[in-house]
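Rendered as structure tokens:
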């Protein structure tokens, strides 16, 4: 370079510092150090520093570093700390050097442990995550494998494969007889939800994962049994197969006492049966023998024998009732019809008498008609019903009379019993009658007969007795029960009637025609036939297979008012016919009768009778016939009932001395 000049050689930096003049008032620098800096800052080595001291002198050389202690037992004295800088003693320490690295083997072991831990965690977590959304693998319910399935899939599989096993019927034995009980009859059902809730699911624990991978988990199916349904099924079994104890009884067949000896029975132990059946459905489904127990009768043989003696004595004669010079008799047949024997609670039997029923037809002989109570009823005026008001009255105290008669029969006391009167409420009040829904004629029947015979008197008397009678809803009407015995005291007269296959006179003969007429009225009204008996011979004035006879006290006509409405019985008659009408509320569109052809004919025979009491008899062939009642409602058939009647051949009887009395 043009302007360049040579570079001066390096000089001592301290040479540029001027030396203070002598006597200038300042102490001269020592060794060329800045003012205030002691040469001690460099420390003392214990030897003479060969370097010059002065303005050009350099700082003293630092002491050599000391090595760290090494393995092998060599001891080194640590280097002394450096001298304090700028006179600050507390800041003279220096950081320690880092420790030497550990041996290679010590660093490898923790790393291996970490890897193993990670592998173990993965060995658990991976299958656990896979299993978390399903039933634990290896889970079985009564042999059905549901492992690895979702809850929904497991439920479907149990319904398909396990439910049919549980629904298998159970065979039982009751009192030596075999029966089969279906699962629904016992209220048995597989509780699918409850069964699956027992199975391990969700996020499994390590133990559950191990079990799933190496073994199986068996759980029992959960089955529910509806106890009320099972109890009803067992109750039905008991009703079907129980052989209950037979109580000792005394009854009457006609006018003869009949005894029944007590006998123990065998009945199902229902509580134990319920338990056994439930356990069988929950377990093996094998055959089960249900336990039975002895059913002891309450009556004793000796007591039955004593009651039979009382019954025989009861029929030794009529019972006479008296009041204020008036009297009425309960005939022997009336006693037999209304006397029963019931348990006294101590192994014996005591007599019980139905006084109200027994005096039904004779009470008017003891009480003036003006004093008697009157039931509410209806008169028919044209085609309209007119209410006849009820009233209270006086009547025989039937409760006291029943007790008096029973005591007299039991002790053999007097058979003449004075009666007492009591205020008697009507059987039917005005308000009760108005609420029975009686508003229209629902059926009627008319039969014809020859004029003016004795039997017509009896027919018309029965018609008057029953005119206006109300049959309550659900009540069973009985001719013998309402009319009672047909006696001369009531106005009945002797007339021809069939007794044991022969015509003979009897008080009240002919009333079977009224029974036949009422039977047909109830038949076409659609009411339930409870009890009726056809004549043994067919009588031409009656429809074949649709007629009825009555005889006190053993043969009766009974029909039930199975409607929710009351039924009013209305009767009317002429010299040659009798009509029975029933008023209520119509339930059916139509009631029709279908009669089959006659079959199984038996030709009649002829014979002559020259006995003084001979009654001529009309001849008829014997035959069998079917009658079917068909009931229609709202245009559809709702009931069809068939009755089969077989009539005997009726021989033609010719009297040597012809009689004029007509047939019943």
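In the numbering used here, the protein residues as written are 2 to 665.
The beta-carbon is built from N, C-alpha and C at its ideal position, and this holds for glycine as well.
Which two residues bound the contiguous alpha helix (DSSP H) that contains residue 467?
Within the chain shown, the letter at position 466 stands for residue 467. Counting along the chain, the alpha helix (DSSP H) containing residue 467 begins and ends at 455 to 467.
Would you kindly work out how many angstroms separate the C-alpha atoms of residue 174 and residue 241, rounded to a whole number?
Translated into positions along the chain shown, residue 174 becomes position 173. Translated into positions along the chain shown, residue 241 becomes position 240. Between residue 174 and residue 241, the C-alpha separation is close to 12 Å.
Which of helix, strand or coil does DSSP assign to residue 601?
Walking along the chain shown from the start, residue 601 turns up at place 600. Three-state result, residue 601: strand.
Starting from residue 705, follow its DSSP beta bridges and name the residues at the other end.
Nothing in the structure corresponds to residue 705, since the chain is present only between 2 and 665.
Taking all protein chains shown into account, do 16 or more other C-beta atoms lie within 10 angstroms of the C-beta of residue 607, making it buried, or fewer, making it exposed?
Along the chain shown, read from residue 1 onward, the residue named residue 607 stands at position 606. By the neighbour-count rule (16 or more Cβ atoms within 10 Å), residue 607 is not buried but exposed.
Does the separation of the CB atoms of residue 316 and residue 293 fall below 7 Å?
Indexing the chain shown from 1 puts residue 316 at position 315. Indexing the chain shown from 1 puts residue 293 at position 292. No. Outside cutoff.
I need the straight-line Cα distance from residue 176 to residue 269, nearest angstrom please.
Counted from its first residue, the chain shown places residue 176 at position 175. Counted from its first residue, the chain shown places residue 269 at position 268. Distance between the alpha carbons of residue 176 and residue 269: 8 Å.
Quick one: is residue 419 buried, meaning 16 or more other Cβ sit within 10 Å of its Cβ, or exposed?
For this step, residue 419 is matched to residue 418 along the chain shown. By the neighbour-count rule (16 or more Cβ atoms within 10 Å), residue 419 is not buried but exposed.
What is the residue span of the alpha helix (DSSP H) that residue 514 lies within?
Within the chain shown, numbered from 1, the residue matching residue 514 stands at position 513. Per DSSP, residue 514 belongs to the alpha helix (DSSP H) from 513 to 525.
Determine the DSSP secondary structure at residue 291, reduced to helix, strand or coil.
For the purposes of this step, residue 291 is identified with residue 290 of the chain shown, where counting begins at 1. Note: residue 291 maps to coil in three-state DSSP.
Under 7 Å, do residue 411 and residue 311 count as touching if we go by C-beta distance?
Within the chain shown, numbered from 1, the residue matching residue 411 stands at position 410. Within the chain shown, numbered from 1, the residue matching residue 311 stands at position 310. Taking 7 Å as the Cβ cut-off, residue 411 and residue 311 qualify as a contacting pair.
Does the distance from the C-beta atom of residue 446 to that of residue 570 stay below 7 Å?
Numbered from 1 along the chain shown, position 445 holds the residue referred to as residue 446. Numbered from 1 along the chain shown, position 569 holds the residue referred to as residue 570. Taking 7 Å as the Cβ cut-off, residue 446 and residue 570 do not qualify as a contacting pair.
Are the beta-carbon atoms belonging to residue 375 and residue 392 less than 7 Å from one another?
Position 374 of the chain shown, counted from the first residue, corresponds to residue 375. Position 391 of the chain shown, counted from the first residue, corresponds to residue 392. It is a contact, given that the beta carbons lie within the stated cut-off.
Under the assumption that residue 322 contacts residue 331 (Cβ atoms under 8 Å), give the Cβ distance between them as a whole number of angstroms.
Here residue 322 refers to the residue found at position 321 of the chain shown. Here residue 331 refers to the residue found at position 330 of the chain shown. Yes, they are in contact, since the Cβ atoms of residue 322 and residue 331 sit about 7 Å apart, within 8 Å.
Take residue 525 as the anchor and find which of 513, 562 and 550 has the nearest alpha-carbon.
Along the chain shown, one-based indexing puts residue 525 at 524. That would be 562, whose Cα lies nearest to the Cα of residue 525.
Output the distance between the C-alpha atoms of residue 506 and residue 253, rounded to the nearest integer angstrom.
Counted from its first residue, the chain shown places residue 506 at position 505. Counted from its first residue, the chain shown places residue 253 at position 252. Taking the straight line joining both Cα atoms gives about 24 Å.
Using 8 Å for Cβ pairs, my map puts residue 541 next to residue 450. What's the rounded Cβ distance?
Here residue 541 corresponds to residue number 540 of the chain shown, with the count starting at 1. Here residue 450 corresponds to residue number 449 of the chain shown, with the count starting at 1. With 8 Å as the limit, residue 541 and residue 450 do not qualify as a contact, their Cβ atoms being about 12 Å apart.
Is residue 258 closer than 7 Å to residue 313 when the C-beta atoms are compared?
Taking the first residue of the chain shown as 1, we reach residue 313 at position 312. Taking the first residue of the chain shown as 1, we reach residue 258 at position 257. Yes.
What is the C-beta distance between residue 510 and residue 497, in whole angstroms, given that I count them as a contact (C-beta under 8 Å)?
The residue you call residue 510 lines up with position 509 of the chain shown. The residue you call residue 497 lines up with position 496 of the chain shown. Indeed, because the Cβ distance is near 5 Å, the residues count as touching under 8 Å.
Bridge partners of residue 615, per DSSP?
Start at 1 with the first residue of the chain shown, and residue 615 comes out as number 614. DSSP, once it has assigned bridges, lists no residue as partnering residue 615.
Counting beta carbon pairs with one atom in the segment 346 to 355 and one in the segment 288 to 303, are three or more of them shorter than 8 Å?
Output reads yes: the segment 346 to 355 touches the segment 288 to 303.
To which residues of the same chain is residue 363 closer than 8 Å at the C-beta, ignoring the five residues directly before and after it?
The residue given as residue 363 occupies position 362 in the chain shown. Once the five neighbours on either side are set aside, the close Cβ partners of residue 363 are 322, 329, 330, 331, 485, 488, 490 and 491.
Specify the secondary structure class of residue 280 as computed by DSSP and reduced to three states.
Against the chain shown, residue 280 aligns to sequence position 279. Three-state result, residue 280: helix.
So residue 648 is in the beta strand (DSSP E); what residue range does that whole segment cover?
Your numbering for residue 648 matches position 647 in the chain shown. Unbroken beta strand (DSSP E) run through residue 648: 637 to 648.
Helix, strand or coil for residue 576 per DSSP?
As a position in the chain shown, residue 576 is number 575, starting the count at 1. Three-state DSSP puts residue 576 in coil, outside helix and strand.
Can you look up residue 223 in the DSSP assignment and give me helix, strand or coil?
Your numbering for residue 223 matches position 222 in the chain shown. Three-state result, residue 223: coil.
Based on the DSSP output, what are the partners of residue 470 in its beta bridges?
As a first step, residue 470 is located in the chain shown; it is residue number 469 there, counting from the start. Residue 470 is not bridged to any residue.
Grouping DSSP H, G and I as helix and E and B as strand, with all else coil, what is residue 198?
Position 197 of the chain shown, counted from the start, is the residue given in the question as residue 198. Looking at residue 198 - three-state DSSP - the assignment turns out to be helix.
List, from N- to C-terminal side, the beta strand (DSSP E) runs of 3 residues or more that fit wholly inside the segment 129 to 193.
Correct list: 140 to 142, 171 to 175, 178 to 182 and 189 to 191.
When the distance is taken between beta carbons, is residue 246 closer than 7 Å to residue 296?
Counted from its first residue, the chain shown places residue 296 at position 295. Counted from its first residue, the chain shown places residue 246 at position 245. Result yes, Cβ atoms of residue 296 and residue 246 sit closer than 7 Å.
Cutting at 6 Å between CB atoms, please list the residues of its own chain near residue 700, excluding the five before and the five after it.
Coverage of the chain is limited to positions 2 through 665, which leaves residue 700 absent and any answer about it impossible.
Ordered along the chain, which non-local residues of its own chain (more than five positions away) have a Cβ less than 6 Å from that of residue 1?
Since the first residue shown for the chain is 2 and the last is 665, residue 1 is missing from the structure and cannot be characterised.
Could you pull the start and end residues of the alpha helix (DSSP H) that residue 402 belongs to?
Counting from 1 along the chain shown, the entry for residue 402 is found at position 401. Per DSSP, residue 402 belongs to the alpha helix (DSSP H) from 399 to 412.
Here's the rule I'm using: 16 or more other beta-carbon atoms within 10 Å means buried, otherwise exposed. How should residue 610 be labelled?
In the chain shown, the residue the question calls residue 610 occupies position 609. By the 10 Å Cβ count, residue 610 comes out buried.
Near residue 546, what residues of its chain come up, given a Cβ to Cβ distance below 6 Å and the 5 sequence neighbours on each side ignored?
By one-based count along the chain shown, residue 546 stands at place 545. The answer, listed in chain order, is 626, 628 and 646.
By Cβ distance, which residues of its chain are closer than 6 Å to residue 456, with the 5 residues on each side in sequence left out?
Position 455 of the chain shown, counting from 1, holds the residue named residue 456. Excluding positions up to five away in sequence, the list reads 496, 510 and 511.
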